[in-house]
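J.: Provided herewith is a single structure, encoded as structure tokens, for subsequent inquiry.
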Amino acid sequence: MAITDFSKEYHESMFPGYESKFLETDPEFIEFFYNFAFDEVVKQDNLDDHTRMIAIIATLIGCRGIDEFKAIVPAALNFGVTPVEVKEIVYQSVVYLGIGRVFPFLKIYNFICNICIC
């Protein structure tokens, strides 16, 4: 099975101009992951892109997905999540996870918003 056109288009809307190095080093995984994450999941009717991005950000903080958080915040901003909403997710995470677990995400958020994007 090949990467679907829909997943390629959706990926491009999230990460304009980005091409994963895994396309060369692990194409089977990327085919599976892209078709799942950027096609099957997206086509479910119960979540719009904005809400999905908010859920993904919160989940990444909860599982300490630091590298993916760095990648998904700019994508979420491309999908209409505001910097204030991202900040609020990070702040509220402290209540549930503790500052020790969330502090790295606050630093990443500030870097992205103060230097690169916002």
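When the letters of the sequence shown are read in order and numbered with this note's numbering, they come out as residues 280 to 397.
For every residue, glycine included, the Cβ atom is placed at its ideal position computed from N, Cα and C.
According to the Cβ coordinates, are V381 and I340 closer than 9 Å?
T.: Residue numbering aside, residue 381 sits at position 102 when the sequence shown is read from its first letter. Residue numbering aside, residue 340 sits at position 61 when the sequence shown is read from its first letter. Yes, Cβ-Cβ distance for V381 and I340 is below 9 Å.
J.: Rounded C-beta distance between V365 and A355? I'm assuming under 8 Å.
T.: In the sequence shown, residue 365 corresponds to position 86, counting from 1. In the sequence shown, residue 355 corresponds to position 76, counting from 1. Sure, about 7 Å apart at Cβ, within 8 Å.
J.: How about the segment 322–333 and the segment 384–395: do they share at least three Cβ pairs that are nearer than 8 Å?
T.: no
J.: For I312, which of I282, N357 and V363 has the nearest alpha-carbon?
T.: For the purposes of this step, residue 312 is taken as residue 33 along the sequence shown, with counting starting at 1. Residue identity check: residue 312 is Phe in the sequence provided, not Ile. Selected option, being the one with the closest Cα: I282.
J.: Give the range of the alpha helix (DSSP H) segment to which Q323 is assigned.
T.: For this step, residue 323 is matched to residue 44 along the sequence shown. Counting along the chain, Q323 falls outside any alpha helix (DSSP H), and DSSP gives it neither H nor E.
J.: Along the alpha helix (DSSP H) that carries N314, what are the first and last residues, could you check?
T.: As a first step, residue 314 is located in the sequence shown; it is residue number 35 there, counting from the start. Taken as a continuous stretch (DSSP letters only), the alpha helix (DSSP H) holding N314 covers P306 to N314.
J.: Is the beta carbon of M293 less than 9 Å from the beta carbon of N357?
T.: Taking the first residue of the sequence shown as 1, we reach residue 293 at position 14. Taking the first residue of the sequence shown as 1, we reach residue 357 at position 78. It is a contact, given that the beta carbons lie within the stated cut-off.
J.: In whole angstroms, give me the CA-to-CA distance for Y289 and F315.
T.: Position 10 of the sequence shown, counted from the start, is the residue given in the question as residue 289. Position 36 of the sequence shown, counted from the start, is the residue given in the question as residue 315. Here the C-alpha atom of Y289 lies approximately 12 Å from the C-alpha atom of F315.
J.: What number of angstroms, rounded off, separates the C-alpha of R343 from the C-alpha of L326?
T.: Translated into the one-based positions of the sequence shown, residue 343 becomes position 64. Translated into the one-based positions of the sequence shown, residue 326 becomes position 47. Taking the straight line joining both Cα atoms gives about 23 Å.
J.: Could you tell me the distance, in whole angstroms, from the CA atom of V369 to the CA atom of I309?
T.: Looking up residue 369 in the sequence shown gives position 90. Looking up residue 309 in the sequence shown gives position 30. Answer to the nearest angstrom: the Cα atoms are 29 Å apart.
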